[in-house]
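J.: In this text, residue positions in the sequence shown follow my numbering: the first is 18, and each later residue adds one.
Before anything else, here's the structure in question.
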Amino acid sequence: MAELYLRRTQVQDLDAVMQIIDSAKAFLKQNNSPQWQDGYPNREVFAKDVAMQTNWVLVNGDNITATATLQLTPEPTYQVITHGQWSQPNEPYATIHRVAISDAYRGQGLSRLLFSNLLTVGLMQGIKNFRIDTHKSNKAMQHIIKSFNFQKRGIIMVNEKNDPERLAYELNIGSHHKFTRINNNFMQPLIDNL
């Protein structure tokens, strides 16, 4: 692989992002998952993510290889959790949403790089708690979630018609993981453009 890095999604990236999402929807359908089979997520959702600067792309040279949203505001669908509870219910958290890898790069370990970078972005903003959800039939996502030591916390309901039940996971990076904000003046323009 050439240059491989994470950056914020730009408006001009939306076509490439939607191609990745459409192939991910087809992949889920092929694997008999009802997740993302009712039109969600659509271009409007991603345009909003881009406007809010919460969507990220993993870039290899000139190619967008993966996308994910890192939401730093509370997720409304996480307010009610059944069959368990959040470990840190009152602490700030980031939510990882809408993760997809390009079918041209699937199986090359890019999901690990994507998650690692998203966690780093969250930590740089002072977040130590991360949440994510997925459908019970999405074994590939469950595998990557568990490989990062996210713990299953219960079940939440999302706004999807087909099957709204989702497995909810949480990662709490303890205080023994000290992370200091980067504040070197010469680095600030680079950090501001992330």
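Backbone N, C-alpha and C define an ideal beta-carbon position, used for all residues, glycine too.
May I ask which residues mark the beginning and end of the alpha helix (DSSP H) holding residue 62?
T.: 60-68
J.: Specify, as a first and last residue, the run of the alpha helix (DSSP H) that residue 36 falls within.
T.: 31-47
J.: Should residue 32 go down as buried or exposed, given a rule of 16 or more other Cβ atoms within 10 Å for buried?
T.: exposed
J.: In the structure shown, what three-state DSSP assignment does residue 160 receive?
T.: For residue 160, the secondary structure class from DSSP, reduced to helix, strand or coil, is helix.
J.: Roughly how many whole angstroms lie between the Cα atoms of residue 199 and residue 158?
T.: Note that residue 199 has pLDDT 46, beneath the 50 cutoff, so the model's placement of it is unreliable and the number below is only indicative. For the pair residue 199 and residue 158, the Cα-to-Cα distance works out to about 31 Å.
J.: Can you name the residues that DSSP bridges to residue 80?
T.: 77
J.: Would residue 38 and residue 119 qualify as a contact pair, given that the criterion is a beta-carbon distance under 7 Å?
T.: no
J.: In the DSSP output, which residue or residues are listed as bridge partners for residue 182?
T.: 174
J.: In the DSSP assignment, find the unbroken alpha helix (DSSP H) run with residue 130 in it and report its ends.
T.: 127-141
J.: In whole angstroms, what is the alpha-carbon distance linking residue 194 and residue 160?
T.: Per-residue confidence for residue 194 stands at a pLDDT of 48, beneath the threshold of 50, marking its modelled position as unreliable; the derived number appears in the next sentence. About 24 Å.
J.: Identify the continuous beta strand (DSSP E) that holds residue 22 and give its terminal residues.
T.: If you look at residue 22, you'll find it in the beta strand (DSSP E) that goes 21-25.
J.: Considering only residues of the same chain and omitting the five flanking positions on each side of residue 139, which have a CB-CB separation below 7 Å?
T.: 87, 111 and 147
J.: Work out the CA separation of residue 153 and residue 45 for me, nearest whole Å.
T.: Rounded to whole angstroms, the gap between the alpha carbons of residue 45 and residue 153 is 12 Å.
J.: Taking the alpha-carbon of residue 99 as reference, which of 166, 69, 171 and 114 has the nearest alpha-carbon?
T.: Nearest neighbour of residue 99 by Cα position, chosen from 166, 69, 171 and 114, turns out to be 171.
J.: By Cβ distance, which residues of its chain are closer than 8 Å to residue 203, with the 5 residues on each side in sequence left out?
T.: With a pLDDT of only 49 at residue 203, under the threshold of 50, the placement of this residue in the model should not be trusted; the figure read from the coordinates follows. Closer than 8 Å at Cβ, skipping near neighbours: no residue.
J.: I'd like to know if the segment 50-57 and the segment 170-186 are in contact, where contact means that at least 3 CB-CB pairs between them fall below 8 Å.
T.: yes
J.: Assuming the contact rule is C-beta atoms closer than 8 Å, residue 72 and residue 66 should be a hit. Round their C-beta distance to whole Å, please.
T.: 4 Å
J.: Output yes or no for whether 7 Å exceeds the beta carbon distance between residue 131 and residue 85.
T.: The Cβ-Cβ distance between residue 131 and residue 85 falls below 7 Å.
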